[in-house]
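For reference, the structure is listed below as structure tokens.
There are 2 protein chains.
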Amino acid sequence: MAKKKTKKSDKKSDKQLKKSGDLAAEITEKLCVAPGFELSSLDASSTPGYKGDKAEAEELLAASAAELGELQERLYANGRDGDGTSVLLVIQGMDTSGKGGIMRHVVGSVDPQGVSLTSFKAPNAEERKHPFLWRIRKALPKPGMIGVFDRSHYEDVLIARVRNLVPATTWQRRYSQINTFEKSVTDNGTRIIKVMLHIDADEQKARLMERLDRRDKWWKFNPGDIDERELWDAYQEAYQAALDKTSTDSAAWYVVPANRKWYARLAVQQILLQHLRELDQPWPDADFDVEEQKARLEAS
Amino acid sequence: MAKKKTKKSDKKSDKQLKKSGDLAAEITEKLCVAPGFELSSLDASSTPGYKGDKAEAEELLAASAAELGELQERLYANGRDGDGTSVLLVIQGMDTSGKGGIMRHVVGSVDPQGVSLTSFKAPNAEERKHPFLWRIRKALPKPGMIGVFDRSHYEDVLIARVRNLVPATTWQRRYSQINTFEKSVTDNGTRIIKVMLHIDADEQKARLMERLDRRDKWWKFNPGDIDERELWDAYQEAYQAALDKTSTDSAAWYVVPANRKWYARLAVQQILLQHLRELDQPWPDADFDVEEQKARLEAS
Numbered sequence: 001m002a003k004k005k006t007k008k009s010d011k012k013s014d015k016q017l018k019k020s021g022d023l024a025a026e027i028t029e030k031l032c033v034a035p036g037f038e039l040s041s042l043d044a045s046s047t048p049g050y051k052g053d054k055a056e057a058e059e060l061l062a063a064s065a066a067e068l069g070e071l072q073e074r075l076y077a078n079g080r081d082g083d084g085t086s087v088l089l090v091i092q093g094m095d096t097s098g099k100g101g102i103m104r105h106v107v108g109s110v111d112p113q114g115v116s117l118t119s120f121k122a123p124n125a126e127e128r129k130h131p132f133l134w135r136i137r138k139a140l141p142k143p144g145m146i147g148v149f150d151r152s153h154y155e156d157v158l159i160a161r162v163r164n165l166v167p168a169t170t171w172q173r174r175y176s177q178i179n180t181f182e183k184s185v186t187d188n189g190t191r192i193i194k195v196m197l198h199i200d201a202d203e204q205k206a207r208l209m210e211r212l213d214r215r216d217k218w219w220k221f222n223p224g225d226i227d228e229r230e231l232w233d234a235y236q237e238a239y240q241a242a243l244d245k246t247s248t249d250s251a252a253w254y255v256v257p258a259n260r261k262w263y264a265r266l267a268v269q270q271i272l273l274q275h276l277r278e279l280d281q282p283w284p285d286a287d288f289d290v291e292e293q294k295a296r297l298e299a300s
Numbered sequence: 001m002a003k004k005k006t007k008k009s010d011k012k013s014d015k016q017l018k019k020s021g022d023l024a025a026e027i028t029e030k031l032c033v034a035p036g037f038e039l040s041s042l043d044a045s046s047t048p049g050y051k052g053d054k055a056e057a058e059e060l061l062a063a064s065a066a067e068l069g070e071l072q073e074r075l076y077a078n079g080r081d082g083d084g085t086s087v088l089l090v091i092q093g094m095d096t097s098g099k100g101g102i103m104r105h106v107v108g109s110v111d112p113q114g115v116s117l118t119s120f121k122a123p124n125a126e127e128r129k130h131p132f133l134w135r136i137r138k139a140l141p142k143p144g145m146i147g148v149f150d151r152s153h154y155e156d157v158l159i160a161r162v163r164n165l166v167p168a169t170t171w172q173r174r175y176s177q178i179n180t181f182e183k184s185v186t187d188n189g190t191r192i193i194k195v196m197l198h199i200d201a202d203e204q205k206a207r208l209m210e211r212l213d214r215r216d217k218w219w220k221f222n223p224g225d226i227d228e229r230e231l232w233d234a235y236q237e238a239y240q241a242a243l244d245k246t247s248t249d250s251a252a253w254y255v256v257p258a259n260r261k262w263y264a265r266l267a268v269q270q271i272l273l274q275h276l277r278e279l280d281q282p283w284p285d286a287d288f289d290v291e292e293q294k295a296r297l298e299a300s
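Chains U and Z, in that order, are what the protein sequence lines are. Numbering-wise (full-length UniProt numbering), the first sequence opens with residue 1 and increments by one. Numbering-wise (full-length UniProt numbering), the second sequence opens with residue 1 and increments by one.
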């Protein structure tokens with residue numbers, strides 16, 4: 001009755017996956033923020049841990065989707081009884097850094113049933129009445145799910161700091177509040193992966209100009225984007241402070257050079273893949289007698 | 001500055017898309033439930049409106065993704081100011097009818113930022129305290145979004161009817177409550193597309209057996225699935241009644257023969273595509289002076 005004993009993709013891409021296996025570990029290690037990391041020293045056009053070109057990167061991205069899919073399905077299968085592990089992927093970056101492309105090309109390659117994606121905009125009236133982590137807690141992934149945050153509580157130490165949206169004493173306190181919060185989240189079984197997409201100011205200018213040049217991109221442009229751009233250095237400082245203060249053992253930051261979109265997408269995929277491999281969720285055992293159910297089904 | 005004036009896929013698949021264009025209109029028309037429709041007369045292995053084979057269907061599915069993606073992006077772009085049109089795709093079907101495959105292969109091909117997917121399970125304690133449409137209203141898509149329901153309020157006239165979960169007078173009243181509700185939803189700018197995936201009992205048996213045969217599928221199996229299967233005829237009757245009573249001008253039902261997964265996926269994609277074409281959302285105009293912003297950007 002079994003129509004196919006193994007998935008089509010299991011065999012044919014073994015070689016590619018093995019290759020991409022080493023790649024995942026290497027990229028994950030190289031991009032992980034270590035003490036003393038300096039954002040200003042990282043070339044946004046570099047491709048740490050990867051020596052290939054764009055075409056090969058796109059092939060690797062496609063070739064890794066099957067393994068990512070199986071690992072995601074195992075995670076999901078283990079979460080079905082309402083307990084078990086989950087993953088939270090936090091994506092931060094300046095305007096035009098490619099967050100949307102990560103959503104489309106990396107997150108979008110995963111079964112949507114196993115993903116809960118939340119885009120955090122400026123807090124609304126109700127959210128502003130609550131502590132800054134209130135809306136974040138509500139969006140945490142359930143067991144078995146991969147939660148993805150497009151922007152996050154880090155905006156509360158980025159734009160809130162740069163724009164003086166709250167008193168300095170308030171945002172200063174938030175770093176340790178975030179660490180305590182994230183510790184409690186990981187203690188409850190959620191693997192947190194934090195990614196900053198790092199572009200440089202020239203690249204941003206080119207990308208904003210493209211939005212102005214193309215009629216089908218106008219809707220993505222907001223004159224306020226240029227106001228934000230004028231605070232570039234203050235934002236870089238705020239990012240550096242966040243990386244310094246909130247890179248912890250339980251919730252590491254990865255800074256991904258993102259001038260080359262194809263590298264950034266491959267890198268984020270490989271980091272996610274590496275964490276899912278480490279979680280190594282097995283297929284759950286049957287909580288019924290398989291032969292007995294086969295006999296029941298046969299008779300039905 | 002514009003790196004690419006047109007999308008890679010714009011040109012090369014014109015011919016395929018044109019072909020798939022006629023296909024979308026034809027499949028949509030053929031599968032739409034008309035007065036007098038009889039579920040029991042529809043061959044679940046048939047492929048209405050499509051004469052090709054599996055390989056060609058998979059090619060068409062892939063080739064239509066670019067057009068679907070652009071139409072979805074236009075919809076999304078128009079919803080950004082918090083008003084405008086949205087789409088709601090409701091997927092119903094017996095266990096193993098392929099709802100998950102539609103989520104992975106059709107919904108999964110759309111940018112996850114533009115999709116809100118809700119899987120409705122048996123109502124929890126809080127949901128049971130409210131009228132049956134309460135949890136449905138909460139999950140309706142925001143402007144610009146494609147909402148997808150994996151099961152829906154139709155369970156309240158399917159399992160609720162077959163299993164006598166509520167008195168007969170209660171579920172009998174629900175058909176007109178659903179019609180009133182859906183009318184108000186469409187009046188508020190949401191295009192509703194309702195799909196029933198139609199398999200036959202033999203196909204279900206084979207698919208359940210596959211879940212029992214494969215260790216990596218055990219987690220999807222529940223002994224209760226066989227109990228439900230034993231009520232097959234009652235479910236078919238309940239589906240027929242729902243189709244009879246809730247196929248309206250504002251919210252049509254499509255019954256998709258689903259013994260062949262590749263046909264069902266192509267058909268659901270083409271129906272969604274056809275509706276997005278009919279909505280025909282333009283790229284929004286700029287609400288700023290493009291040349292002025294270019295000058296500001298250049299100077300920044």
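Glycine included, each C-beta is placed from N, C-alpha and C at the ideal position.
message = If I measure Cβ to Cβ from residue 245 of chain U and keep anything under 6 Å in the same chain, skipping five residues before and after, which residues do I get?
response = Walking along the first sequence from the start, residue 245 of chain U turns up at place 245. 175, listed in sequence order.
Nearest-angstrom beta carbon gap, residue 221 of chain U and residue 207 of chain U [assumed within contact, 8 Å] = For the purposes of this step, residue 207 of chain U is identified with residue 207 of the first sequence, where counting begins at 1. For the purposes of this step, residue 221 of chain U is identified with residue 221 of the first sequence, where counting begins at 1. Not really, about 10 Å apart at Cβ, beyond 8 Å.
ask   = Quick one, are the C-beta atoms of residue 269 of chain U and residue 106 of chain U less than 8 Å apart?
value = Mapped onto the first sequence, residue 269 of chain U falls at position 269. Mapped onto the first sequence, residue 106 of chain U falls at position 106. Taking 8 Å as the Cβ cut-off, residue 269 of chain U and residue 106 of chain U qualify as a contacting pair.
query = Mind checking residue 298 of chain Z: buried by the 16 CB within 10 Å criterion, or exposed?
reply = The count along the second sequence starts at 1 and reaches residue 298 of chain Z at position 298. Label assigned to residue 298 of chain Z: exposed.
message = Counting only C-beta atoms, is residue 79 of chain Z closer than 8 Å to chain U at any point?
response = Taking the first residue of the second sequence as 1, we reach residue 79 of chain Z at position 79. For residue 79 of chain Z, not one C-beta of chain U is nearer than 8 Å to its own C-beta.
Partner residues on chain Z for residue 59 of chain U, Cβ-Cβ distance less than 7 Å = By 1-based counting over the first sequence, the position of residue 59 of chain U is 59. By Cβ distance, chain Z contributes nothing, its closest Cβ being about 16 Å from residue 59 of chain U, past 7 Å.
task = Please classify residue 289 of chain U: is it buried, with 16 or more other beta-carbons within 10 angstroms of its beta-carbon, or exposed?
result = Sequence index remark: in the first sequence, residue 289 of chain U carries index 289 (1-based). Classification of residue 289 of chain U: exposed, given that the 10 Å Cβ count is below 16.
inquiry  = Suppose the cutoff is 6 Å on Cβ atoms and the five residues either side in sequence are ignored; what does the same chain contact list for residue 252 of chain Z look like?
reply    = Within the second sequence, numbered from 1, the residue matching residue 252 of chain Z stands at position 252. These residues qualify, in order along the chain: 32.
ask   = Taking the alpha-carbon positions, what's the residue 155 of chain Z to residue 189 of chain Z distance?
value = Taking the second sequence and counting its residues from 1, one reaches residue 155 of chain Z at position 155. Taking the second sequence and counting its residues from 1, one reaches residue 189 of chain Z at position 189. For residue 155 of chain Z and residue 189 of chain Z, the distance between alpha carbons rounds to 24 Å.
task = Please compile the residues from chain Z whose C-beta is within a distance smaller than 9 Å of the C-beta of residue 123 of chain U.
result = Counted from its first residue, the first sequence places residue 123 of chain U at position 123. Residues of chain Z passing the Cβ test: none, with the nearest at roughly 15 Å.
CB contact below 8 Å: residue 219 of chain Z versus chain U = Indexing the second sequence from 1 puts residue 219 of chain Z at position 219. It does: the Cβ of residue 219 of chain Z has a partner Cβ on chain U nearer than 8 Å.
request  = Measure from the C-beta of residue 145 of chain Z to each C-beta in chain U and report whether the shortest distance is under 8 Å.
outcome  = Working through the second sequence from its first residue, we reach residue 145 of chain Z at position 145. Residue 145 of chain Z has a beta carbon lying at 8 Å or more from every beta carbon in chain U.
query = Can a CB atom of chain Z be found closer than 8 Å to the CB of residue 208 of chain U?
reply = On the first sequence, position 208 is the one that residue 208 of chain U refers to. Yes, its Cβ sits closer than 8 Å to a Cβ of chain Z.
key: First through last residue of the beta strand (DSSP E) which encompasses residue 198 of chain Z   = Here residue 198 of chain Z refers to the residue found at position 198 of the second sequence. Counting along the chain, the beta strand (DSSP E) containing residue 198 of chain Z begins and ends at 190-198.
ask   = What are the residues that DSSP puts in a beta bridge with residue 254 of chain Z?
value = Against the second sequence, residue 254 of chain Z aligns to sequence position 254. DSSP lists Z:32, Z:195 as partners of residue 254 of chain Z.
query = Is the region 77-88 of chain Z close to the region 142-156 of chain Z, with three or more CB pairs under 8 Å?
reply = Verdict: yes, contact present.
task = Return the CA-CA distance between residue 232 of chain Z and residue 94 of chain Z, expressed in angstroms with no decimal places.
result = Looking up residue 232 of chain Z in the second sequence gives position 232. Looking up residue 94 of chain Z in the second sequence gives position 94. Computed Cα separation, rounded: 9 Å.
message = Counting only Cβ pairs nearer than 8 Å, list the residues of chain Z close to residue 226 of chain U.
response = On the first sequence, position 226 is the one that residue 226 of chain U refers to. The contacting residues are 293, 296, 297, 300.
inquiry  = List, in chain order, every chain U residue whose beta-carbon is nearer than 8 Å to that of residue 104 of chain Z.
reply    = Within the second sequence, the letter at position 104 stands for residue 104 of chain Z. Under the 8 Å cutoff, chain U gives 111, 112, 113.
ask   = Cβ of residue 162 of chain Z less than 8 Å from any chain U Cβ?
value = By one-based count along the second sequence, residue 162 of chain Z stands at place 162. Judged by the 8 Å Cβ criterion, residue 162 of chain Z is not in contact with chain U.
inquiry  = Just list the residues that DSSP pairs residue 92 of chain Z with in beta bridges.
reply    = Within the second sequence, the letter at position 92 stands for residue 92 of chain Z. Partner(s): Z:196.
ask   = According to DSSP, what are the bridge partners of residue 243 of chain U?
value = Stepping through the first sequence from its first residue, residue 243 of chain U is reached at position 243. Paired residues: none, contrary to the question.
ask   = According to the Cβ coordinates, are residue 111 of chain Z and residue 108 of chain U closer than 8 Å?
value = Here residue 111 of chain Z refers to the residue found at position 111 of the second sequence. Here residue 108 of chain U refers to the residue found at position 108 of the first sequence. Yes. Within cutoff.
message = 8 Å is my cut-off, CB to CB: does residue 3 of chain U come that close to chain Z?
response = Position 3 of the first sequence, counted from the start, is the residue given in the question as residue 3 of chain U. Note on residue 3 of chain U: pLDDT 38, under 50, position unreliable in the model; the coordinate value appears next. Chain Z contact via Cβ: present.
ask   = For a contact meaning CB atoms closer than 9 Å, what does residue 230 of chain U contact in chain Z?
value = Against the first sequence, residue 230 of chain U aligns to sequence position 230. The answer, in chain order, is 300.
ask   = Grouping DSSP H, G and I as helix and E and B as strand, with all else coil, what is residue 12 of chain Z?
value = Numbered from its first residue, the second sequence carries residue 12 of chain Z at position 12. Residue confidence for residue 12 of chain Z is low, a pLDDT of 40 falling below 50, so the modelled location carries little weight; the figure read from the coordinates is stated next. Residue state, collapsed to three classes: helix.
request  = Mind checking who residue 149 of chain U pairs with in its DSSP beta bridge?
outcome  = Stepping through the first sequence from its first residue, residue 149 of chain U is reached at position 149. Paired residue(s): U:90, U:118.
ask   = Cβ atoms of residue 152 of chain U and residue 92 of chain U: under 8 Å apart, would you say?
value = To locate residue 92 of chain U, count along the first sequence from 1; it is residue 92. To locate residue 152 of chain U, count along the first sequence from 1; it is residue 152. Cβ atoms of residue 92 of chain U and residue 152 of chain U: closer than 8 Å.
ask   = Roughly how many angstroms lie between the CA atoms of residue 159 of chain U and residue 237 of chain U, to the nearest whole one?
value = Residue 159 of chain U sits at position 159 when you count from the first residue of the first sequence. Residue 237 of chain U sits at position 237 when you count from the first residue of the first sequence. Going by the C-alpha atoms only, they are around 11 Å apart.
key: Beta carbon of residue 43 of chain U nearer than 8 Å to that of residue 282 of chain U   = As a position in the first sequence, residue 43 of chain U is number 43, starting the count at 1. As a position in the first sequence, residue 282 of chain U is number 282, starting the count at 1. For residue 43 of chain U and residue 282 of chain U, no; Cβs fall outside 8 Å.
task = Please report how far the alpha carbon of residue 274 of chain Z lies from the alpha carbon of residue 90 of chain Z, in whole angstroms.
result = For the purposes of this step, residue 274 of chain Z is identified with residue 274 of the second sequence, where counting begins at 1. For the purposes of this step, residue 90 of chain Z is identified with residue 90 of the second sequence, where counting begins at 1. Distance between the alpha carbons of residue 274 of chain Z and residue 90 of chain Z is about 15 Å.
query = Between residue 292 of chain Z and the rest of its own chain, which residues show a CB-CB distance below 7 Å, the 5 nearest in sequence each way excluded?
reply = What you label residue 292 of chain Z is simply residue 292 of the second sequence in a count that begins at 1. Result list for residue 292 of chain Z: empty, nothing under 7 Å.
query = Relative to the alpha-carbon of residue 209 of chain Z, which residue among Z:130, Z:169, Z:179, Z:96 has its alpha-carbon at the smallest distance?
reply = As a working mapping, residue 209 of chain Z is identified with position 209 in the second sequence. For the residues Z:130, Z:169, Z:179, Z:96, the minimum Cα distance to residue 209 of chain Z belongs to Z:96.
query = Of the residues Z:234, Z:259, Z:226, which one's Cα is nearest the Cα of residue 296 of chain U?
reply = The sequence position of residue 296 of chain U within the first sequence is 296, counting from 1. Selected option, being the one with the closest Cα: Z:226.
C-beta contact flag for residue 171 of chain Z and residue 161 of chain Z at 8 Å = In the second sequence, counting from the first residue as 1, residue 171 of chain Z sits at position 171. In the second sequence, counting from the first residue as 1, residue 161 of chain Z sits at position 161. Yes; because the gap between Cβ atoms is below 8 Å, this pair is in contact.
ask   = So, is residue 169 of chain U buried or exposed, given that buried needs 16 or more other C-beta atoms within 10 angstroms?
value = If you number the first sequence from 1, residue 169 of chain U lands on position 169. Counting Cβ neighbours within 10 Å, residue 169 of chain U comes out exposed, since fewer than 16 surround it.
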